[in-house]
Amino acid sequence: MSVTKQCKFEERRLDETTTLLVVDTPGLFDTREPNEQTSKEIVRSIALASPGPHIYIFVISLLRFTPEEADTVNILQEMFGEDVIKHVIVVFTRKDELADNNSLKEFILKSPPVLQNLLERCGYRFAFINNKADKDELREDVDVILDLIYNTIGENNGAYYTNDMYQKADAVLEVRRKEIRNERERHREAENMLEEKRLQIEEIEEKNKLLTQKLQAELRRQSTLEDEIKFREEDAAKQQAVQIEENRLKDLQEKQRRLVEEDAIRRQEMNREQERLNKLQDQAQKMVDEDGDSSLTKTLLTLTEIIEKMAENAKRNPKIEAKKEVETDDILLKTIGSAVVQVGSAAASTVFGIGSTAVSAAVGLGSAAVGWLKRWWSK
1 MSVTKQCKFE ERRLDETTTL LVVDTPGLFD TREPNEQTSK EIVRSIALAS PGPHIYIFVI
61 SLLRFTPEEA DTVNILQEMF GEDVIKHVIV VFTRKDELAD NNSLKEFILK SPPVLQNLLE
121 RCGYRFAFIN NKADKDELRE DVDVILDLIY NTIGENNGAY YTNDMYQKAD AVLEVRRKEI
181 RNERERHREA ENMLEEKRLQ IEEIEEKNKL LTQKLQAELR RQSTLEDEIK FREEDAAKQQ
241 AVQIEENRLK DLQEKQRRLV EEDAIRRQEM NREQERLNKL QDQAQKMVDE DGDSSLTKTL
301 LTLTEIIEKM AENAKRNPKI EAKKEVETDD ILLKTIGSAV VQVGSAAAST VFGIGSTAVS
361 AAVGLGSAAV GWLKRWWSK
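The opening position of the sequence shown corresponds to residue 1 in the UniProt record's numbering, with each subsequent residue numbered one higher.
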């Protein structure tokens, strides 16, 4: 980075006939100043060195050399013409970074091709200077540079870069300035277009962002709605299952209620039948007491035992199991049938012997037994 922003000059008398005028100019690739401003300052240096400079010293640091610095000579030729290269010498600073002369030669030999090309174009006019040298060493370096300057002036036959050259160079520079301005204008237009495109892209990105957010919100809403629908469907299914179970329980309760009612009705009928049976038993017992060992009495006793057994079974299980027990007991059925026949026969054969009361009792007992059996089988 160049330290000099504007042209500065110092003048020193070397001897009685020679005066040295040094004009310090900004670097053509100053990182802080635009090239157009730097070019103006360099052109201004010609006026300060009127009638014109003999030598252009191109200062380069040994530790920092870039392709841009090598291009400085090209810019000088664009500004002042091709012949300006005849007045250029190169001075390398930081000589102290190299140990000896052999190192200096090795540095030149191993330098990048772009630097070697620069030195070749300048006719290998170069020197080194130690910025940290003592007075004596610094004097030696300055003498080497002065000798290089004198030799270059001699090669140019004492000619310097004249004002006529300046006028020509200024015309060339004006063309260059216009090119720079046009380039800047194109660059500015390109930047404006880029800025416009950037704003358009930002606007599109913002719209896409809003659209994406809206889409994500819609997806979340849809997901929430689907979850809600799923929850409602599951809840409805649960409620339906509960309702079905409640209906099933109600049906079971209703069946249980009907069974209880039917059982109560059967028990009432059984109780009434038991009361009737008790009366018949009392009548039969009375007939036995009155008739003794007659065949009618024995038949009635047998029938009474059968009826008691059936009543006992009915009490033990008033439902269908008792009915099945009677249906599957062949001996019981045959005995009942035989007893009924005997009751009828005994009643017919003894109707005149025991009187109308015994006959009525026997017939009533037989009818009661038969009626009970019919009711039993009809359940």
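By construction, the Cβ of each residue, glycine as well, lies at the ideal position given by its N, Cα and C atoms.
Computed from a predicted model, the values in this text were never measured in an experiment.
For residue i, count neighbouring C-beta atoms within 10 Å of its own C-beta (all shown protein chains included) and say buried if the count is 16 or more, exposed if not.
i	result
Pro53	buried
Lys250	exposed
Ala347	Any reading at Ala347 needs caution, since the residue's pLDDT is 47, under 50, leaving its predicted position unreliable; the model's value is listed next. It counts as buried.
Glu305	exposed
Val359	Annotation note: pLDDT 45 at Val359 (below 50); position unreliable, coordinate value reported separately. Val359 is buried by the Cβ-count criterion.
Lys95	buried
Arg181	exposed
Gln216	exposed
Val23	buried
Gln239	exposed
Glu273	buried
Tyr56	buried
Leu109	exposed
Gln200	exposed
Leu277	buried
Glu69	buried
Val142	exposed
Phe80	buried
Can you list, in chain order, the residues of its chain with a C-beta nearer than 8 angstroms to that of residue i? Leave out the 5 residues immediately preceding and following it.
i	result
Gly355	Any reading at Gly355 must be qualified, since the residue scores a pLDDT of 42, below 50, and its modelled position is unreliable; no value is offered.
Glu183	none
Glu203	none
What are the start and end residues of the beta strand (DSSP E) that includes residue i?
i	result
Ala127	126–128
Asp21	The sequence shown places Leu at residue 21, not Asp. Segment 19–24, the beta strand (DSSP E) holding Leu21.
Can you give me the Cβ contacts of residue i inside the same chain, cut-off strictly under 7 angstroms, excluding the 5 residues immediately before and after it?
i	result
Thr59	Per the sequence shown, the amino acid found at residue 59 is Val instead of Thr. Counting only Cβ-Cβ distances below 7 angstroms, and skipping sequence neighbours, we find Val91, Thr93.
Leu148	Ile89, Arg125, Ala127
Thr357	For Thr357, the pLDDT reaches just 46, beneath the cut-off of 50, and the residue's location in the model is therefore unreliable, leaving the point undetermined.
Tell me the DSSP bridge mates of residue i?
i	result
Tyr56	Val88
Glu202	In DSSP, Glu202 forms no bridge with anything.
Thr93	Ser61
Arg12	Leu20
Since residue i is in the alpha helix (DSSP H), which residue starts that stretch and which ends it?
i	result
Ala70	67–70
Pro112	Segment: none, Pro112 is in no alpha helix (DSSP H) and carries neither H nor E.
Asn151	135–155
Give every residue of the same chain whose Cβ lies closer than 6 angstroms to the Cβ of residue i, excluding the five residues on either side of it in the sequence, and list them in chain order.
i	result
Gln222	none
Ile153	His54
Got a sec: does the ligand SAM put a non-hydrogen atom nearer than 7 angstroms to the Cβ of residue i?
i	result
Glu82	In the structure on display, the ligand SAM does not appear, and there are no ligands present to speak of.
Item checked: Contact the region 63–82 vs the region 112–122: 3+ CB pairs below 8 angstroms -> Contact between the region 63–82 and the region 112–122 is present: 3 or more CB-CB pairs across the two stretches fall below 8 angstroms.
Next item on the list: Taking 8 angstroms as the threshold, find out whether the region 83–90 comes into contact with the region 117–135 through three or more Cβ pairs.
Entry: Touching, yes, given that three or more Cβ pairs across the two stretches are closer than 8 angstroms.
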